[in-house]
Structures are given as structure tokens and as C-alpha cells.
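Peer 1: Here's a structure for you.
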Amino acid sequence: MTLAERRGHFRDYGLSVTLADFEGGSQSAEALLAGNVDVATGAYEHTLHAQAKGQDVRALIELGRFPGIVLGVRKDLAFKSHADLKGLRSA
């Protein structure tokens, strides 16, 4: 985000962006859920935790080569969305 802002990429698309730095992804997620920011970056797990709590939060883009957090589901379980995980044991 900082690199894109400093290189003028947001401006090139007509966007006026103000960046706010937080100490960690959980604080970024809290600011997003509180409505204090419009977009937040952080670990993918924060998106999953918010969704599990019924928050309408969506991941827009993965910012690395590989996802930081993955979700493993046994092959014998039908799985179409995170909603299918309700009531399952997790580790």
C-alpha cells in the first residue's frame, strides 16, 4: 500500500487515498469493522474471523505469492463455503 501510494498509482486512477498505519493486522481489522477506514490490509485470518462472526467482510486481493493462512477441510466433508463449517471441530 505504501509503495503504491508513494509511486502515485492511486493518483493515476483519480483516487485520493490517506494511509493509516496500525501496529498489526488485528488493529486494521478493528478499524475496518468500526467504520474508521474503508479498506484494510492484514492477515487473511482476520477476514475469516470476521466472517465467522457474521460480519460482511470480503478479501479483495492476496498481497503475497501464497496465502498467509489456509483452511484445511477433510475430503469426506461437503464444503462449499465457510458457512458449512458451523458446528465442526477445529484445530
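Per my numbering, the very first residue in the sequence shown carries number 275; after that it's consecutive.
Backbone N, C-alpha and C define an ideal beta-carbon position, used for all residues, glycine too.
(1) Give every residue of the same chain whose Cβ lies closer than 6 Å to the Cβ of residue 321, excluding the five residues on either side of it in the sequence, and list them in chain order.
(2) With 16 as the cutoff for other CB atoms within 10 Å, does residue 293 come out buried or exposed?
(3) Can you tell me whether residue 311 sits near the ligand FMN, meaning its C-beta is under 7 Å from at least one heavy atom of the ligand?
(4) By DSSP, does residue 306 sit in helix, in strand, or in coil?
(5) Of the choices 319, 315, 337 and 350, whose alpha-carbon is the least far from that of residue 296?
(6) What first and last residue would you give for the alpha helix (DSSP H) that runs through residue 334?
(7) Does residue 365 come out as helix, strand or coil in the three-state DSSP assignment?
(8) Verify whether the separation of the beta carbon atoms of residue 305 and residue 311 is less than 8 Å.
Peer 2: Taking the structure as given:
(1) As a working note, residue 321 is residue 47 in the sequence shown. Result list for residue 321: 331 and 333, in chain order.
(2) Numbered from its first residue, the sequence shown carries residue 293 at position 19. Label assigned to residue 293: exposed.
(3) No copy of the ligand FMN appears in this structure; indeed no ligand is present at all.
(4) The residue given as residue 306 occupies position 32 in the sequence shown. Residue 306: helix per DSSP, three-state reduction.
(5) On the sequence shown, position 22 is the one that residue 296 refers to. Nearest option by C-alpha distance: 315.
(6) Residue 334 sits at position 60 when you count from the first residue of the sequence shown. From DSSP, residue 334 is part of no alpha helix (DSSP H); its letter is neither H nor E.
(7) Indexing the sequence shown from 1 puts residue 365 at position 91. Because the pLDDT at residue 365 is just 47, under 50, the model does not fix this residue reliably, and the value given afterwards should be weighed accordingly. In the structure shown, residue 365 adopts coil according to DSSP, grouped into three states.
(8) As a working note, residue 305 is residue 31 in the sequence shown. As a working note, residue 311 is residue 37 in the sequence shown. Yes, the Cβ-Cβ distance between residue 305 and residue 311 is below 8 Å.
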